[in-house]
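Inspection log for the structure reproduced underneath, given as structure tokens.
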Amino acid sequence: MTAEVRTVEAGELNRYADGIRDVYARAFAAPPWNEDPAGADSYAERLARDALRPGFTAAVATAGRAVTGFATAWITPEVFPADRSYGQVAEALGPERTRAWLCGALEVNELAVAPEAHGTGLGAALLQAVTGPVQDGRCWLLTSVRAGAALRLYERTGWRRVDAPVPGAAALVVLLGPRHLQRAEAGGRR
């Protein structure tokens, strides 16, 4: 069965909550994430709060009634946050690049595809659904260098790694979107 990808409003997310929780649990249980299935419950609670962020957007993939993938994004605040991994990102990029490259840009927060849908183009379609409408092309995301399949997807779809390793045990890397104006300055892989 072919999956359908559509953007959804924050108020529509409840309709897909169980499916999103299931996809999250299965997608992030495997290496390099190794998340406990209970992490999906925490994500579902966080998603409700994230949906209130400025510029929040989401896309959901469904095959019949089953959710097979999702992506979420929002606008990074002009005052760069310090919680989660943001402090490490700011340390890696420095204050000028952080402000110029990331603040006010669309930040892809989560992208997850059910394991049985890997290799179908669904990840690329979800990524395009949340980032395609960004008029100035300023999009970014953060992932682990240990997430080989995810990195291959991002690079295949035109995202570029920033040549500034993010400190910390998670081995994180920042990627700039295909139309981001500072891509050429990012260094890293094309």
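Counting in the UniProt record's numbering, the sequence shown runs from 1 upward without gaps. All C-beta atoms, glycine included, are put in the ideal place defined by N, C-alpha and C.
**Q.** arginine 160 and alanine 125 closer than 9 Å at C-beta
**A.** no
Alpha carbon of valine 174 to alpha carbon of tyrosine 86, nearest angstrom: 11 Å
Query raised in the report: Where does glycine 177 land, buried or exposed, given buried means 16+ other C-beta within 10 angstroms?
Result: buried
With a threshold of 6 Å on Cβ separation, who are the neighbours of valine 145 within its own chain once the five nearest residues in sequence on each side are excluded? Ala171 and Val173
- How would you label threonine 57, buried or exposed, when you count the other beta carbons within 10 angstroms and need 16 or more for buried? Buried, by the Cβ-count rule.
query: Leaving out the 5 sequence neighbours to the left and right, which residues in its chain are closer than 6 Å to alanine 25 when beta-carbon positions are compared?
result: Pro37 and Ala40
Closest Cα partner of leucine 142 within the set Asp136, Pro133, Tyr154 and Val134:
Tyr154
Discussion item. For phenylalanine 56, list the residues DSSP reports as bridge partners.
Written reply: In DSSP, phenylalanine 56 forms no bridge with anything.
So, is glycine 11 buried or exposed, given that buried needs 16 or more other C-beta atoms within 10 angstroms?
exposed
C-alpha distance - alanine 30 paired with leucine 47, whole-angstrom precision:
21 Å
- Item | For serine 42 and threonine 98, the rounded distance between their alpha carbons | 28 Å
Beta-carbon spacing of alanine 44, arginine 6 below 9 Å
no
Checklist entry - Should the region 78-94 be regarded as contacting the region 162-170, the criterion being three or more beta carbon pairs within less than 8 Å? => result yes
Assuming contact is defined by CB atoms lying nearer than 9 Å, are glycine 123 and alanine 66 in contact in what I supplied? no
Quick check on leucine 52: buried or exposed, where buried means 16 or more other Cβ atoms within 10 Å of its Cβ?
exposed
- Message: On the CB-based measure, 16 or more other CB atoms within 10 Å of its CB, does alanine 17 come out buried or exposed?
- Response: exposed
In chain order, what residues of the same chain lie with their CB nearer than 6 Å to the CB of residue 197, ignoring the 5 residues before and after it? This structure leaves residue 197 out entirely; the chain is present only between 1 and 190.
Taking all protein chains shown into account, do 16 or more other C-beta atoms lie within 10 angstroms of the C-beta of alanine 3, making it buried, or fewer, making it exposed? buried
Using only CA atoms, which one of Arg15, Val23 and Leu13 lies nearest to histidine 118? Nearest Cα to histidine 118 within the set Arg15, Val23 and Leu13: Val23.
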